[in-house]
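Residue numbers 1 to 184, in the UniProt record's numbering, belong to the letters of the sequence shown in order. Positions of the beta carbon are idealized from the N, C-alpha and C atoms, including for glycine.
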Amino acid sequence: MKTELDDLLKIDMSWLRKEGLLTGLRYSHISWENNVMGSKSSIAIYISVMEASRFARLKYTQTDLCGNKNDFDYKIDIIATECNFGGERYWFICPLDGCGRKTRILYKNGDYFGCRYCQKLTYKSRNKNRRGKIFSLTHFIDLTQKIEELSEGVKKHHYQGKTTRKQKRINNLYRKISTPNMNI
Numbered sequence: 001m002k003t004e005l006d007d008l009l010k011i012d013m014s015w016l017r018k019e020g021l022l023t024g025l026r027y028s029h030i031s032w033e034n035n036v037m038g039s040k041s042s043i044a045i046y047i048s049v050m051e052a053s054r055f056a057r058l059k060y061t062q063t064d065l066c067g068n069k070n071d072f073d074y075k076i077d078i079i080a081t082e083c084n085f086g087g088e089r090y091w092f093i094c095p096l097d098g099c100g101r102k103t104r105i106l107y108k109n110g111d112y113f114g115c116r117y118c119q120k121l122t123y124k125s126r127n128k129n130r131r132g133k134i135f136s137l138t139h140f141i142d143l144t145q146k147i148e149e150l151s152e153g154v155k156k157h158h159y160q161g162k163t164t165r166k167q168k169r170i171n172n173l174y175r176k177i178s179t180p181n182m183n184i
């Protein structure tokens with residue numbers, strides 16, 4: 001089974017943009033907290049998006065299970081593509097084993113950050129057994145949790161006399177629960 005990327009450390013290009021780190025030459029720290037394990041992680045990141053040189057330089061120390069500390073310091077190339085309505089969109093070039101894929105998100109599985117394809121990562125939702133859900137109690141519980149999550153975010157049930165998209169999704173989930181065989 002593939003490793004699930006949902007719980008891994010990641011560097012997201014859209015997050016870097018929101019933080020204002022994709023202008024000129026910038027330096028920052030990125031921190032993560034794992035509430036389950038009680039561990040904290042952080043890295044130093046230098047980002048250059050100047051036309052002459054576009055890169056992200058990552059510096060971090062990793063402690064293995066034996067207590068040995070390993071320092072990592074490497075560059076990841078960044079490229080820019082033109083957007084249809086003006087501006088640029090930045091992409092990482094995966095640094096692992098000559099992959100060269102352009103990606104918006106890099107994940108840390110092991111020692112280095114890389115794309116999800118090189119590291120054979122998958123999403124948690126892809127590992128769920130879809131065949132075993134029919135008539136199952138777990139499927140019913142999953143649907144009710146989805147309904148609760150969506151209901152919390154609903155601000156309006158109707159807009160200009162029409163049902164909103166979120167409300168339509170909630171209604172569809174209620175229909176799935178109420179059908180006798182819970183068809184998917």
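Q | Helix, strand or coil at D6 according to DSSP, with G and I counted as helix | A | The count along the sequence shown starts at 1 and reaches residue 6 at position 6. D6 falls in the helix class under three-state DSSP.
Q. Counting pairs of Cβ atoms below 8 Å between the region 3-16 and the region 101-111, do you hit three or more?
A. yes
(Q) Buried or exposed for G114, going by 16 or more other Cβ atoms inside 10 Å? (A) Numbered from its first residue, the sequence shown carries residue 114 at position 114. Classification of G114: buried, given that the 10 Å Cβ count is 16 or more.
Q: Using 7 Å as the cut-off, classify the Cβ of R165 as near or not near the heavy atoms of the ligand NAP, replying yes or no.
A: Absence of the ligand NAP from the depicted structure is noted, as is the absence of any ligand whatsoever, leaving it without description.
Q.
Which complete beta strand (DSSP E) runs does the region 62-122 hold, if anything under 3 residues is left out?
A. 69-82, 88-93 and 105-108
Q | DSSP three-state assignment for E149, whether helix, strand or coil | A | Within the sequence shown, numbered from 1, the residue matching residue 149 stands at position 149. In this structure, E149 counts as helix in the three-state DSSP scheme.
Q | Between the CA atoms of K156 and I93 - distance to the nearest angstrom | A | Counted from its first residue, the sequence shown places residue 93 at position 93. Counted from its first residue, the sequence shown places residue 156 at position 156. Their backbone Cα atoms lie some 41 Å apart in a straight line.
Q | Alpha-carbon spacing of T144 relative to Y112, whole angstroms | A | Looking up residue 144 in the sequence shown gives position 144. Looking up residue 112 in the sequence shown gives position 112. Answer to the nearest angstrom: the Cα atoms are 38 Å apart.
Q: Just tell me which of A44, S125 and R54 has its CA closest to the CA of S28.
A: By 1-based counting over the sequence shown, the position of residue 28 is 28. The shortest Cα separation from S28 among A44, S125 and R54 belongs to A44.
Q: Note down the Cα distance separating S125 from E149, rounded to an integer number of angstroms.
A: Start at 1 with the first residue of the sequence shown, and residue 125 comes out as number 125. Start at 1 with the first residue of the sequence shown, and residue 149 comes out as number 149. Cα-Cα distance, rounded: 16 Å.
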